[in-house]
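Here is the structure we will look at, set down as structure tokens.
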Amino acid sequence: MGKIVLCRVDSRLVHGQVVTKWVNQVGANKIVIIKDDLVNDPFLLSIYEMSAPPGMKVLCFDESSAKDKIDELSNDSKVLLLFADVASLKRVYDLGLELKNVQIGGLGGGPDRKPIYKNITLDDEDFNYLKSMHDAGVVIEFQIIPEDKPYEFEEVIKKF
Amino acid sequence: MNRILLLTHFGWGSTLLKGVEMIIGNVDFVDEIALKPAMTSDEYSSQVESFIEDNGKDLLIIVDMFGGTPNTVALLMARKYGIPVVCGLNAPLLLGACSMVINNSEVSVDELVNEAGSSIFNSSKKMGLNI
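Just so you know, the protein sequences line up as chains A and B, in that order. Okay, so the first sequence: first residue is 289 according to my numbering, each after it adds one. Okay, so the second sequence: first residue is 2 according to my numbering, each after it adds one.
The following block contains the structure:
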């Protein structure tokens, strides 16, 4: 079954040193990306694999089979779970994936989005998704690199 | 190949180009699209693709390093348009690439990479200083 050692939302998914730092910080031995269109793009997936630390396996599952496929991973798996956006995280969470902690490390830009923490912005939809997860007991933090101090979602609720 | 497109984190390629122009004079065929901190891959990808649509695909793309978003986006352009991508931007590489364009030479990207690839070494050790 393995363990999810970090669940991170980052629109840039696997990018260079940022992911390497997190892998080292949390001791992950596998990266799992949940993204429907990436499942059908082995070329792009292989770029992400080559962008990860050498020897790190990078797997990709679609949203509907994510929970089951994660459950099937070997018991020694320490997984860095990656989502590209809050909406896909929420969908998979609602399908039953158990998460205790979620890290928001990078999100898309766009109109109607308010800056929350450094470069991370939220719109009403993302805020509501995160709030509902928060209310269900998931600890949500904003943090880009390990050197940053995490910014708690509790603080966001006060200001949003 | 008649243009060079630099893709870097934050846009340091333009400054590098100024340094290179001290050596070879002004060039008008090098452009840069910088990845800024708040950008998403999609925004960046749109900018890069627009550039290619406007300027054509007879380009060499040079990115700062493998593993970052500029490189990922560059490789998607490589797949779509057949544009070569070299990673590891530095002064000798940019100089070599500019010379290729200026001389309209038959030097291949592989030769460019071989030559520029050996540009990083311990300079002090090479000169016999044991540092």
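Glycine included, every Cβ here is placed at the ideal spot set by N, Cα and C. Keep in mind that this is a model prediction, so the values were computed, not measured.
Following the continuous beta strand (DSSP E) through residue i, name the residue where it begins and the one where it ends.
| i | result |
| --- | --- |
| A:Leu-369 | 366 to 371 |
| A:Pro-403 | 402 to 405 |
| B:Glu-33 | 31 to 36 |
| A:Val-444 | Premise fails: A:Val-444 lies in the alpha helix (DSSP H), 441 to 447, not in any beta strand (DSSP E). |
By the 10 Å Cβ neighbour count, where 16 or more other Cβ atoms means buried, how is residue i classified, buried or exposed?
| i | result |
| --- | --- |
| A:Asp-414 | buried |
| B:Asp-65 | buried |
| A:Glu-435 | exposed |
| B:Leu-130 | exposed |
| B:Thr-16 | exposed |
| B:Gly-68 | buried |
| A:Trp-378 | According to the sequence as given, residue 378 of chain A is Lys; it is not Trp. When all chains shown are included, A:Lys-378 counts as buried. |
| A:Asn-389 | exposed |
| A:Leu-301 | buried |
| A:Met-344 | buried |
| B:Ile-25 | exposed |
| A:Ile-392 | buried |
| B:Pro-71 | buried |
| A:Phe-441 | buried |
| A:Lys-323 | buried |
| B:Ile-5 | buried |
| A:Glu-351 | buried |
| B:Met-23 | exposed |
| B:Gly-118 | exposed |
| A:Ala-316 | buried |
| A:Lys-318 | buried |
| A:Ile-252 | There is simply no residue 252 of chain A to check, as chain A begins at 289 and stops at 448 in what is shown. |
| B:Asp-29 | exposed |
| B:Ser-122 | For clarity, residue 122 of chain B is Phe in the given sequence; the question names Ser instead. Under this definition B:Phe-122 is an exposed residue. |
| A:Glu-386 | exposed |
| A:Asp-412 | exposed |
| B:Glu-112 | exposed |
| A:Met-289 | exposed |
| B:Phe-11 | exposed |
| B:Glu-33 | buried |
| A:Ala-424 | exposed |
Taking DSSP as the reference, what is the three-state secondary structure of residue i?
| i | result |
| --- | --- |
| A:Lys-345 | strand |
| B:Leu-95 | helix |
| A:Ile-433 | coil |
| A:Ala-375 | helix |
| A:Val-297 | strand |
| B:Leu-6 | strand |
| B:Ile-132 | coil |
| A:Lys-291 | strand |
| A:Ala-340 | coil |
| B:Gly-118 | helix |
| B:Met-101 | helix |
| B:Phe-11 | coil |
| A:Asn-416 | helix |
| A:Asp-325 | helix |
| A:Glu-360 | coil |
| A:Leu-383 | coil |
| A:Pro-438 | coil |
| B:Glu-44 | helix |
| B:Leu-50 | The amino acid at residue 50 of chain B is misidentified as Leu; the sequence shows Glu. Correct three-state label for B:Glu-50: helix. |
| B:Ala-39 | coil |
| B:Glu-107 | coil |
| A:Cys-395 | What sits at residue 395 of chain A in the sequence shown is Leu, not Cys. Correct three-state label for A:Leu-395: coil. |
From the DSSP secondary-structure annotation, give me the bridge partner or partners of residue i.
| i | result |
| --- | --- |
| A:Glu-390 | According to the sequence displayed, residue 390 of chain A carries Val and not Glu. Answer by DSSP bridge pairing, in chain order: A:Ile-428. |
| A:Thr-409 | A:Pro-403 |
| B:Val-87 | B:Ile-63 |
Using a threshold of 6 angstroms, is the CB atom of residue i nearer than that to any non-hydrogen atom of the ligand ATP?
| i | result |
| --- | --- |
| A:Glu-429 | The ligand content of the structure shown is nil, which means the ligand ATP is not present either. |
How far does the alpha helix (DSSP H) with residue i in it extend, from its first residue to its last?
| i | result |
| --- | --- |
| A:Val-306 | 304 to 314 |
| A:Val-320 | Run containing A:Val-320: none in the alpha helix (DSSP H); it sits in the beta strand (DSSP E), 318 to 322. |
| B:Gly-69 | Segment: none, B:Gly-69 is in no alpha helix (DSSP H) and carries neither H nor E. |
| B:Gly-57 | B:Gly-57 -> no alpha helix (DSSP H), and no H or E assigned at all. |
| B:Ile-24 | 14 to 25 |
| B:Ser-125 | 124 to 127 |
| A:Asp-350 | Premise fails: A:Asp-350 is in no alpha helix (DSSP H) and is neither H nor E. |
| message | Would you call the segment 325 to 333 of chain A in contact with the segment 81 to 97 of chain B, where contact means no fewer than 3 C-beta pairs closer than 8 angstroms? | response | no
**Prompt:** Are the segment 415 to 423 of chain A and the segment 371 to 388 of chain A in contact at 8 angstroms, needing three or more beta carbon pairs?
**Reply:** yes
Q) Can at least three beta-carbon pairs, one atom from the segment 303 to 319 of chain A and one from the segment 378 to 387 of chain A, be found at a separation below 8 angstroms? A) no
Quiz item: Pairing CB atoms from the segment 346 to 365 of chain A with CB atoms from the segment 73 to 90 of chain B, are three or more of them under 8 angstroms?
Solution: no
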